[in-house]
Amino acid sequence: MAGAKLTPSPSEIDPDVMKTVTQRASEPTWANPAMPTWRLESFGSDAGQRYSEEYSLDSTNAQVQVEFYVNENTFKERLKLFFIKNQRSSLRIRIFNFCLKLLTCLLYTVRVMLDKSADNWSHCADCQLNKTTYATGINWEVIFWVDRKLYVWAIQVIVALISFLEAMLLTYLSYKGNIWEQMFQVSFLLEMINTVPFIITIFWPPLRNIFIPVFLNCWLAKCALENMINDLHRAIQRTHSAMFNQVLILICTLLCLVFTGTCGIQHLERAGRNLSLFKSLYFCIVTFSTVGYGDVTPQIWPSQLLVVIMICVALVVLPLQFEELIYLWMERQKSGGNYSRHRAQTEKHVVLCVSSLKIDLLMDFLNEFYAHPRLQDYYVVILCPTEMDIQVRRVLQIPLWSQRVIYLQGSVLKDQDLMRAKMDDAESCFILSSRNEVDRTAADHQTILRAWAVKDFAPNCPLYVQILKPENKFHVKFADHVVCEEEFKYAMLALNCVCPATSTLVTLLVHTSRGQEGQQSPEQWQRMYGRCSGNEVYHIRLSDSKFFGEYDSKSFTYASFHAHKKYGVCLIGVKREDNKSILLNPGPRHIMAVSDTCYYINITKEENSAFIFKQEEKHKRKGSHRAACTTPPPASPSTASSLAWEQ
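Sequential numbering from 1 applies to the sequence shown in full-length UniProt numbering.
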């Protein structure tokens, strides 16, 4: 910016030198744009783009255009942007490089299959057949010379030229001042070993049949595959697990070890027993599996030395890979892994989001959630930022919960963790707070942030939010259902002043129980209390009910009184078909209709109930005068029978 060009204003031009200035108008003067008299006209902020900024000494001065990031316009930077920085173009180049390395390995295999026997070889192209026998029993010339067909050689030369030029270009682009560090990298050395000899054979045809260890390109293909996977996930904006990477590296390492050993032993044994490629593969598989049948073995010391080297490399490399894999597996078990997309699309699941998972909160939620018969096939995915404690871990290992509850360690505020829980495919999301929070305001703030994050990530997912303080309900009005603990608690206390024991009644109604608590107590009131604690609120249409169907056209008070006297159920409210409001105890003026929906309190709903009748008949037979029979429920109250209700 120190050399911005400015055109002088007319007020600054001396009349005595006006003529000179006019003649030299095409040569503007130079000024420093950093001077305090400059005025900023426009400025951009997007990196990597070309910007312009206008400065002037006053309103009559000419404007100056300043270009930023000019270093990115150089030829090297543009090449680096295409080959390295740009994710999509870099991915395509790595895929091409990976396919190129696989092609070289395939060409080597084809060359081996087309190679002549060791007894019919010629040490160079256009040379006469020469057979030599050495006292050591090793024919060294077949190790250094092979039979390479002309078309195979031509394809390998083309591939070598492309690989060489690509390697030189990437080395130039990644140069950071130390050329020796780049030249002595293993990948660069392997690239030179497999490409330079082919280029030399173009200018020196007698070396066309020289042996080149092209099979070592499998290790370059392994590196290209790892880089390709990284670029792939960067390009599609997805993160992959370290477990996937480690398993991929382990499999590729095993394949490269087997392929290198197979090709190396097969080539060295050309000077001995001349093993085929398949027998060499068989020997490597048997050796690496530690079986060692001994039916196929190397006969000369170079191949035996190669076997020793390969075993040593395997003993060093593979344990390190397995150790890393086991470590990642243990960390994955702690964090819970991922809930698979296939399961999310084929099975129903809900997500429970909590800041810290306590055993009482977990058991209350699971017991109440799975109390409904329609939710038995649902899975519960717990998303919590903390690690499971011992009590929670023990509970989740119980077979009742281990098959239906999945624990994921992660934060709701991270899209990556929401993706792990498949929040966008969840049937609903529950955001709960611990009732034992010391700072309830801070707990509500965390709940609000979680609710915003879930709503932003999965706007169509039904959201159930628990808020501790009433003043914070305003911030989560977008949620489908909001429950405020303090508001509910104080409302119950206020109702207790109007109607004693209201809080006890509501608490027992909203908690799931089978009415079996306290049945072993010697106190009558405890047994009654425990039995009645199993009551819940149910609803049924009057026309479909056996409890209330006979009270059509009767008043509400009449139906409620006689239903409780006859069946032991408590009718507490109704809802008209054309009205969305529920009428609690509407009184004697309300006449029951067949389209009414009845709300009642009972141990279980009517559909899960059975009726048992006992009729007494007097028999004039001596010694026996009582009999019992079971009949279907009566059609009207006129049936002369005594009714017993069993659940």
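Backbone N, C-alpha and C define an ideal beta-carbon position, used for all residues, glycine too.
Query	Result
On the three-state DSSP scale, how would you describe Gln416?	helix
Excluding the five sequence neighbours on either side, which residues of its own chain have a C-beta within less than 6 Å of the C-beta of Asn472, listed in chain order?	Asp444
Could you tell me whether the region 322-342 touches the region 360-372, where touching means 3 or more Cβ pairs closer than 8 Å?	no
When we look at the beta-carbon of Ala154 and count the other beta-carbons within 10 Å, is it buried (16 or more) or exposed?	exposed
For Ser555, which three-state DSSP category applies?	strand
Under a Cβ-count criterion, where at least 16 other Cβ atoms within 10 Å of its own Cβ denotes burial, should Leu189 be classed as buried or exposed?	exposed
Counting beta carbon pairs with one atom in the region 442-462 and one in the region 396-407, are three or more of them shorter than 8 Å?	no
Would you mind giving the Cβ-Cβ distance between Lys575 and Asp552, rounded to the nearest angstrom? I have them listed as a contact below 8 Å.	Actually they are not in contact, since the Cβ atoms of Lys575 and Asp552 sit about 16 Å apart, beyond 8 Å.
Label Met592 either buried or exposed according to how many other C-beta atoms from any shown protein chain fall within 10 Å of its C-beta, with 16 as the threshold for buried.	buried
If you drop the 5 nearest sequence neighbours on each side, which residues of the same chain put their C-beta closer than 6 Å to that of Leu531?	Note on identity: in this sequence residue 531 is Arg, with Leu being the wrong assignment. So the qualifying residues of the chain are Gly515.
For Lys565 and Ala371, I'd like the C-alpha separation in whole angstroms.	28 Å
What is the DSSP secondary structure of Ser303, reduced to helix, strand or coil?	helix
Thinking Leu571 and Tyr600 are a contact (beta carbons under 8 Å), I'd like their distance in whole angstroms, please.	5 Å
Kindly indicate which residue of Lys422, Leu495, Ser355 and Gln391 has the alpha-carbon position closest to the one of Ser411.	Ser355
Would you please state the rounded distance, in angstroms, between the beta carbons of Leu325 and Leu250? I believe it to be under 8 Å.	6 Å
Which whole-angstrom value describes the C-beta separation of Ala453 and Leu413, a residue pair presumed to lie in contact below a C-beta threshold of 8 Å?	5 Å
By how many angstroms is the C-alpha of Leu375 removed from the C-alpha of Lys358?	23 Å
What is the rounded straight-line gap between the Cα of Leu328 and the Cα of Lys580?	55 Å
Please go through the region 310-395 and give each complete alpha helix (DSSP H) segment of 4 or more residues, from N-terminal end onward.	341-346 and 359-369
Output the distance between the C-alpha atoms of Arg94 and Arg332, rounded to the nearest integer angstrom.	29 Å
Which one or two residues does DSSP pair with Gly530 in a beta bridge?	None, per the DSSP bridge assignment.
Could you tell me the distance, in whole angstroms, from the CA atom of Cys223 to the CA atom of Cys105?	15 Å
Since I believe Leu509 is in contact with Val537 (beta carbons under 8 Å), could you give me their beta-carbon distance rounded to a whole number of angstroms?	6 Å
Among Phe83, Val351 and Ser276, which one has its Cα closest to the Cα of Met228?	Phe83
Please confirm whether Thr287 and Cys218 have their CB atoms less than 8 Å apart.	no
Helix, strand or coil for Ala443? Go by DSSP, reduced to three states.	helix
If you compare alpha carbons, which of Asn608, Ser433, Thr386 and Glu368 is closest to Ser513?	Glu368
Can you tell me which of the three DSSP states Lys575 falls into?	strand
Just to confirm my understanding: we take Ile603, look at its own chain, exclude 5 residues before and 5 after, and list those with CB closer than 7 Å. What are they?	Gly515, Gly534, Asn535 and Gln647
Just to check my reading of the structure: Met419 and Cys461 have Cβ atoms closer than 8 Å, yes? What is that Cβ distance to the nearest angstrom?	Actually they do not touch by this definition, with Cβ atoms about 13 Å apart.
By Cβ distance below 7 Å, which residues in the same chain neighbour Gln321 in space, the five residues on each side in sequence not counted?	Ile249, Leu250 and Thr253
If you check the beta carbons only, do Phe198 and Val152 fall under 8 Å apart?	no
Determine, using beta carbons only, whether Gln524 and Gly518 come nearer to each other than 8 Å.	no
Give the range of the alpha helix (DSSP H) segment to which Asn139 is assigned.	Careful: Asn139 lies outside any alpha helix (DSSP H) and carries neither H nor E.
With DSSP as the reference, identify every bridge partner of Ile431, one or two as the case may be.	Cys353 and Val465
Terminal residues of the continuous beta strand (DSSP E) containing Tyr538?	Glu536 to Arg541
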